[in-house]
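Trainee: In the numbering used here, the protein residues as written are 1 to 102.
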Amino acid sequence: RTPTDCSLYYTCVKQEGSLYLQTRFKCPELEFFDPAKGTCRPQHEVACDSIQLSELVFPRPPPLPHLPVIYPAHYSMDSLDDSDYPTEYSLSCSKEDTISAR
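(1) So, helix, strand or coil for E29, using DSSP?
(2) Give the DSSP-derived three-state secondary structure of Q22 in the structure shown.
(3) Quick check on V69: buried or exposed, where buried means 16 or more other Cβ atoms within 10 Å of its Cβ?
(4) Apart from the five residues on each side of it in sequence, which residues of its chain come closer than 8 Å, Cβ to Cβ, to T11?
(5) Please report the distance separating the alpha-carbon of P42 from that of E31.
(6) Would you call S100 buried or exposed, if buried means 16 or more other Cβ atoms sit within 10 Å of its Cβ?
(7) On a CA-only basis, which of C6, S18 and A47 is nearest E29? Give me that one, please.
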């Protein structure tokens, strides 16, 4: 019997050599294949331990949150006094404590 549908089952018949012919069958409507008896029987008489398709398909992970996109800014630094902000040439922010990095 198939793991996902209790009404489907297979037979294997040995052919020449070591080959087997596998054939799939489907029970009539409202019947399940009973592996113990080897026949199709009414659904209410057969325990169906089939695996639901939803159990075979792994759920998708939740989508990743949207990360912020950083765009380069174009600012004019001409109006800033060099002593107000550190530059690549100084290690201090104040004009009095400026240490040359060169």
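We put the beta carbon where it would ideally sit given N, CA and C, even for glycine.
A quick note: this is a predicted structure, and the numbers were derived from the prediction, not measured.
Mentor: Looking at the atomic coordinates:
(1) Walking along the sequence shown from the start, residue 29 turns up at place 29. E29: coil per DSSP, three-state reduction.
(2) Here the question's residue 22 lines up with position 22 in the sequence shown. In the structure shown, Q22 sits in a strand (DSSP, three-state: E or B).
(3) Counting from one through the sequence shown, the residue named residue 69 turns up at place 69. Under this definition V69 is an exposed residue.
(4) Looking up residue 11 in the sequence shown gives position 11. Only Q22, T23 and F25 meet the Cβ criterion.
(5) The sequence position of residue 42 within the sequence shown is 42, counting from 1. The sequence position of residue 31 within the sequence shown is 31, counting from 1. One alpha carbon belongs to P42, the other to E31, and they sit about 4 Å apart.
(6) Reading the sequence shown from its first residue, position 100 is the one you call residue 100. Because the pLDDT of S100 is 48, which lies under 50, any placement of that residue in the model is unreliable, and the number read from its coordinates should be weighed accordingly. Counting other Cβ atoms within 10 Å of its Cβ, S100 stays below 16 and is therefore classed as exposed.
(7) On the sequence shown, residue 29 is found 29 positions in, with the first residue counted as 1. E29 has its Cα closest to that of C6, out of C6, S18 and A47.
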